[in-house]
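**Q**
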Amino acid sequence: MKNKIIYVSGIINFETIVDVDAFPIFYCPVEYPFFGINSTVSGQAYNIAKALKTLGGNKVILSGHVGNDFLGKIVVNEIKSAGIDTSTINYTLESTPNSVVLVDRDRNTKFYDDLKDIQGIQKELDKEIEKIKESDIVVLSNTNFNRPLLEKARELNKKIATDVHIIGSIDDEYNKEFMQYSDILFMSNKGLENLNYEDFLISIYAKYHNEIIVLGEGRDGAMILDSKKRVVYHIDAITLRTIINTVGSRDALFSSFIHFYTRTNDALQSLKLATVFTSYKLGESGGAAGFLKAKDVKELAKSVDFDVYKIKEF
Numbered sequence: 002m003k004n005k006i007i008y009v010s011g012i013i014n015f016e017t018i019v020d021v022d023a024f025p026i027f028y029c030p031v032e033y034p035f036f037g038i039n040s041t042v043s044g045q046a047y048n049i050a051k052a053l054k055t056l057g058g059n060k061v062i063l064s065g066h067v068g069n070d071f072l073g074k075i076v077v078n079e080i081k082s083a084g085i086d087t088s089t090i091n092y093t094l095e096s097t098p099n100s101v102v103l104v105d106r107d108r109n110t111k112f113y114d115d116l117k118d119i120q121g122i123q124k125e126l127d128k129e130i131e132k133i134k135e136s137d138i139v140v141l142s143n144t145n146f147n148r149p150l151l152e153k154a155r156e157l158n159k160k161i162a163t164d165v166h167i168i169g170s171i172d173d174e175y176n177k178e179f180m181q182y183s184d185i186l187f188m189s190n191k192g193l194e195n196l197n198y199e200d201f202l203i204s205i206y207a208k209y210h211n212e213i214i215v216l217g218e219g220r221d222g223a224m225i226l227d228s229k230k231r232v233v234y235h236i237d238a239i240t241l242r243t244i245i246n247t248v249g250s251r252d253a254l255f256s257s258f259i260h261f262y263t264r265t266n267d268a269l270q271s272l273k274l275a276t277v278f279t280s281y282k283l284g285e286s287g288g289a290a291g292f293l294k295a296k297d298v299k300e301l302a303k304s305v306d307f308d309v310y311k312i313k314e315f
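Structural data, given as structure tokens:
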């Protein structure tokens with residue numbers, strides 16, 4: 002099978018995960034959580050790119066922005082060590098984005114994302130378009146600098162994948178452009194708990210005509226709308242090993258789904274395999290840690306009894 006060329010553009014940052022006892026945090030001047038503080042390179046674009054690279058059979062073009070500072074050099078060196086080309090990593094920021102994630106004993110998380118000046122920068126379109134032309138699929142995070150690439154990728158007849166994370170409605174002002182252009186659209190159920198999920202997904206499809214829509218439900222699993230079969234499925238979450246934390250779980254589900262779907266064109270089977278990839282990943286700490294190769298995912302999947310439900314046809 003021909004290797005896939007996947008263009009990924011989005012945020013890359015330095016990430017520190019801190020284990021805490023519970024929320025709200027009880028104040029004391031100092032604590033010593035031995036082996037409870039871990040720092041690594043992360044950010045949605047890097048997490049996705051590294052997952053795709055690890056799964057195998059993918060040439061990954063990673064486009065992102067860092068600062069010409071200490072953390073920027075760490076980030077770029079880590080990208081190189083992952084075997085990912087750094088020629089489209091741009092030193093255009095005042096300083097490199099940095100995040101802190103607090104994780105309590107029940108695996109609840111609190112994120113502090115300092116994006117620096119990243120929402121105000123612009124891409125060098127000519128250079129990016131040349132990379133997009135080479136690609137089989139274009140993965141664009143919902144950051145401002147990716148907005149001009151949406152229309153360009155569509156003009157080039159490229160399949161576009163986006164995770165819009167948390168949205169307020171089908172007309173979400175910040176994300177509606179990303180929803181409009183995405184063939185493969187992922188989102189979270191956070192903030193939507195009072196809605197009927199399948200009807201909500203169908204209403205998004207009715208407006209934007211996405212090929213695939215996946216709603217992440219966290220510990221409850223995921224829901225997928227397959228427009229080709231005109232059906233909505235739910236799949237329960239699985240647990241393959243002790244969960245350390247859930248940081249990066251959505252990026253893992255998103256990237257592994259893309260990997261398998263671009264090969265099988267089978268939405269439900271791809272989600273099953275992505276569920277295996279994600280569950281295994283949760284046994285390690287860090288947004289870009291705990292990834293399996295595709296052959297190992299398929300082997301593990303043979304031993305899993307998936308609970309899948311056809312929710313609705315439309």
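Going by my numbering, the letters in the sequence shown line up with residues 2 to 315, in that order. We treat Cβ as the ideally placed atom computed from N, Cα and C, and that holds for glycine.
Mapping the DSSP letters down to three states, classify threonine 41 as helix, strand or coil.
**A** Secondary structure at threonine 41: strand, using DSSP grouped into helix, strand and coil.
**Q** Taking all protein chains shown into account, decide if valine 31 is buried (16 or more other Cβ within 10 angstroms of its Cβ) or exposed.
**A** Counting Cβ neighbours within 10 Å, valine 31 comes out exposed, since fewer than 16 surround it.
**Q** Unbroken alpha helix (DSSP H) runs of length 4 or more, entirely within the stretch 251-292: which are they?
**A** 268-282
**Q** Among Leu293, Leu301 and Glu314, whose alpha-carbon lies nearest the alpha-carbon of glycine 57?
**A** Leu293
**Q** When DSSP builds the beta bridges, which residues end up paired with lysine 104?
**A** The residue asked about is misnamed: residue 104 is valine in this sequence, not lysine. The partner list for valine 104 (beta bridge, DSSP) reads Asp20 and Thr110.
**Q** Going by other Cβ atoms of all chains shown within 10 Å of its Cβ, with 16 needed for buried, is histidine 210 buried or exposed?
**A** exposed
**Q** Rounded to whole angstroms, what's the CA-CA distance from serine 96 to serine 286? Just pull it up for me.
**A** Taking the straight line joining both Cα atoms gives about 25 Å.
**Q** Could you check whether lysine 5 and aspartate 164 sit closer than 8 Å to each other, using their CB atoms as the reference points?
**A** no
**Q** Run through the DSSP bridge pairs and tell me what methionine 180 is partnered with.
**A** In the DSSP output, where bridge partners are listed per residue, methionine 180 has none listed.
**Q** Quick one: what's got a C-beta closer than 6 Å to valine 19's C-beta in the same chain, skipping five residues either side?
**A** The answer, listed in chain order, is Ile38 and Leu103.
**Q** For the putative contact between isoleucine 62 and threonine 87, defined by C-beta atoms under 8 Å, what is the C-beta separation to the nearest angstrom?
**A** Not a contact, Cβ separation roughly 11 Å.
**Q** With serine 64 and glutamate 129 assumed to form a contact (beta carbons below 8 Å), what rounded beta-carbon distance in angstroms separates them?
**A** About 6 Å separates the beta carbon of serine 64 from that of glutamate 129, a gap short enough to meet the 8 Å contact definition.
**Q** How about serine 183 and alanine 46: do their beta carbons lie closer than 8 Å?
**A** no
**Q** Rank His260, Glu16 and Thr17 by C-alpha distance to the C-alpha of alanine 50 and give the top, closest one.
**A** With distances taken between Cα atoms, alanine 50 lies closest to His260.
**Q** Is it true that the CB of leucine 283 sits closer than 8 Å to the CB of threonine 247?
**A** yes
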